Each structure stands twice: as structure tokens, then as C-alpha cells.
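Each residue of the sequence shown is one higher than the one before, starting from 14 at the first, in the working numbering.
Beta carbons: idealized from backbone N, C-alpha and C, even for Gly.
As the structure is a computational prediction, the values presented were derived from the model and not from experiment.
Input: a single structure, listed below in C-alpha cells.
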Amino acid sequence: MVDVHEPKVRSYNMSQIKSKNTRPEILVRRFLHKKGFRFRLHDNNLPGKPDLVLRKFKTVIFVNGCFWHMHENCKYFKLPKTRTSWWKEKLNKNKKRDLLWHKQLRNLGWNVLIVWECKIRKDPEATLESLTKAITNGRYSSSSFSGSSSASSGTANNSDKN
Ligand SMILES: [Zn+2]
């Protein structure tokens with residue numbers, strides 16, 4: 014493969030291609046580690062191989078790239094102009110798989126948190142702060158971390174009535 018891209022363009026493309034160890038993911042890891050959280054990475058034994066697993070808090074975290082995980086209404090998600098229908102199908106499959114994994118994890122009693130790439134880019138501090146809250150609260154209280162389409166399965170017993 015001939016290298017025709019400017020370094021900047023190339024590293025952007027790389028970040029779109031690599032799904033593991035992405036910059037947002039590294040940011041999340043560093044931050045949580047500094048805060049004293051301990052976690053495992055990419056645990057093969059769990060559905061979807063979550064990016065971070067915090068057993069103590071029974072919490073898993075996925076750091077999602079907006080493109081690969083079809084973040085709706087997000088400027089980082091745009092269907093490519095070529096092979097559009099192929100991409101659409103592929104990404105839809107990703108998304109379905111994501112939702113299935115999240116559901117399986119919840120059924121196993123895990124608290125599932127999603128951190129979107131764009132939130133980390135836009136406001137890393139606030140995003141990471143509310144992430145730690147969501148971890149220690151033991152459930153996804155903040156809407157920015159709830160899974161993509163709101164899971165409506167089971168008895169949704171929304172709290173905040175006290
Ligand atoms: Zn996004």
C-alpha cells in the first residue's frame with residue numbers, strides 16, 4: 014500500500030480503523046486509574062469483550078467510536094458516500110450486536126456504561142466526572158451513558174421518586 018496521506022490524515026484514518034486502544038479509551042483508562050479504580054481490559058469471558066471491567070462495582074464500560082457504533086445525531090457519524098448500502102448493513106449489524114451484548118450483560122447483573130467518543134472529545138472532564146459517578150452509583154443514572162436506544166425490556170422501575 015502506497016502511503017499517500019499526510020501524517021495528520023493518516024492518523025485520523027487509523028483512529029477510525031482501530032477499534033481497540035483508541036485515544037478516548039486510553040483517556041478513560043488513565044483517568045479512572047488515577048482516581049483509584051482498578052479494572053481489567055477487554056475481558057474475553059464477558060459478552061462483547063467490554064473495554065473495561067470493574068468487578069468491584071459490577072460495572073463494564075464500553076468506549077464507543079461514534080462511527081463504528083453508529084452514534085445517532087452525532088457529527089462524527091456519517092455514512093460513507095461510497096458503498097453506502099454495504100456500510101449501512103455492516104454498521105447496522107454492529108449496532109444490533111452491541112445492543113444484544115448490553116442486554117446479555119445486564120441480564121448477568123452488570124451495570125453497562127457507554128462512553129461515546131464525541132463526549133470525550135468535546136468535554137473530557139465533565140464526561141469523566143459523570144462516568145465516575147455512574148460507576149459508584151452502581152447503575153447508569155446519567156442519560157449520556159445509557160445504551161443507544163433506550164432498553165425498554167423488563168420492568169422499568171424508574172427511580173427518583175423520593
Ligand atoms: Zn458521537
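Cα separation between Y153 and W99?
For the purposes of this step, residue 153 is identified with residue 140 of the sequence shown, where counting begins at 1. For the purposes of this step, residue 99 is identified with residue 86 of the sequence shown, where counting begins at 1. Reliability fails at Y153, whose pLDDT of 46 lies under 50, so the model's placement of it is uncertain and no value is given.
Quick check on the DSSP output: what are the complete beta strand (DSSP E) runs of length 3 or more inside the segment 37–116, in order along the chain?
65–67 and 72–77
For a quick check, are the C-beta atoms of H55 and W129 less than 9 Å apart?
The residue given as residue 55 occupies position 42 in the sequence shown. The residue given as residue 129 occupies position 116 in the sequence shown. For H55 and W129, no; Cβs fall outside 9 Å.
Mind checking which residues open and close the alpha helix (DSSP H) that includes L144?
Position 131 of the sequence shown, counted from the start, is the residue given in the question as residue 144. Looking at the DSSP string, the run of the alpha helix (DSSP H) that includes L144 is P137 to N150.
Can you give me the C-alpha to C-alpha distance between H84 and N105, rounded to a whole angstrom?
The count along the sequence shown starts at 1 and reaches residue 84 at position 71. The count along the sequence shown starts at 1 and reaches residue 105 at position 92. When rounded, the distance between both Cα atoms is 11 Å.
Going by DSSP, name the residue or residues bridged to I127.
Start at 1 with the first residue of the sequence shown, and residue 127 comes out as number 114. Paired residues: F75.
Whole angstroms are fine: how far does the CA of L45 sit from the CA of I39?
Counting from one through the sequence shown, the residue named residue 39 turns up at place 26. Counting from one through the sequence shown, the residue named residue 45 turns up at place 32. Each residue's alpha carbon lies about 10 Å from the other.
When you compare the segment 57–77 with the segment 120–129, are there three or more beta-carbon pairs, one atom per stretch, that lie closer than 8 Å?
By the Cβ test, the segment 57–77 is in contact with the segment 120–129, since at least three Cβ pairs between them sit closer than 8 Å.
From L141 to N120, what does the alpha carbon distance come to, in whole angstroms?
What you label residue 141 is simply residue 128 of the sequence shown in a count that begins at 1. What you label residue 120 is simply residue 107 of the sequence shown in a count that begins at 1. Cα to Cα, the separation comes out at about 26 Å.
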